[in-house]
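Numbering (the working numbering), first residue to last: 3 to 294.
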């Protein structure tokens, strides 16, 4: 079977660099070639394609519509080649994989599972960057992100959690009743599943004068509950380890749906590396998701 016709790689490099710089001179400097050589390669590519890619004006180089349509395809092809080559030679091994997630996820979900990850991939090096709140609206230089929020579905997003929300406390607090009426209440601020909505599910509401102590992260509110200070609201994936160890116990059987969820944001295909692929596949497996 005959292969599809492809122009020489050096012609495509000359085209991509010229379109990016809007200058044959700029492309020549980047590729360590002469301006006339770049111009000749562009002319050869145009003849090969039967399309004009640039309009040459005095001191101005303009990309034609045909060139603008072709450019993303060429750039994606180069990015794919670069990523594939990097993956083949394992060039990212030994370099830190930057993972961004909020503080609660990193402390309660990721950290307890790190021995398993590093046992599976001992060559992996991590740089874990944490934040108190979701950073999805900000620019990020991380390789992989775990975001927390509402309806974050997207092409590169995989939902990791489908949690319920319920109160927890220390075993000592439960022994004395674990009653939300009398115990101090703790919660993480800004979460839709809160004490008010949990009580509404019971047909109850906070008594007059009863207050909730808020923290900016579940790390604080759950630490307060674990120390015996009272009851805190939690959701499944961040208290799995504590419930299993018995350092926290459920204070009440009732639960409500957790509207927010954790989402794994994968790198683009062009930016994926052996390290990011290994981490993404492992996180999905830990969350019970198919790697496909």
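Idealized CB from N, CA, C, for every residue including glycine.
Predicted model only: the values in this text are computed from it and were never measured.
Return the chain-ordered list of same chain residues with a C-beta closer than 6 Å to the C-beta of residue 24, the five sequence neighbours on each side being excluded.
Here the set comprises 63.
Check whether the Cβ atoms of residue 379 and residue 163 sit closer than 8 Å, and answer yes or no.
For the chain, the structure presents residues 3 to 294; residue 379 sits outside this window and is missing.
Pull the bridge partners of residue 147 from the DSSP assignment, please.
102, 267
Give a yes or no on whether the C-beta atoms belonging to residue 182 and residue 235 are separated by under 8 Å.
The answer is no: Cβ separation not under 8 Å.
Please confirm if the stretch 169-184 is in contact with the stretch 120-134, defined as three or more CB-CB distances below 8 Å between the two stretches.
no
Tell me which same chain residues have a C-beta within less than 7 Å of the C-beta of residue 199, skipping the five on either side of it?
258
Span of the alpha helix (DSSP H) around residue 193:
Premise fails: residue 193 is in no alpha helix (DSSP H) and is neither H nor E.
Hey, residue 175 and residue 146 are a contact pair by Cβ (cut 8 Å); roughly how many whole angstroms apart?
That pair is no contact at about 37 Å.
Rounded to whole angstroms, what is the Cα-Cα separation between residue 60 and residue 269?
Distance between the alpha carbons of residue 60 and residue 269 is about 41 Å.
In chain order, what residues of the same chain lie with their CB nearer than 7 Å to the CB of residue 186, ignoring the 5 residues before and after it?
215, 231, 232
Take the Cβ of residue 52 as the centre, count every other Cβ of all protein chains shown within 10 Å, and call the residue buried at 16 or more, exposed below.
exposed
What residues match up with residue 232 in a beta bridge as DSSP calls it?
186
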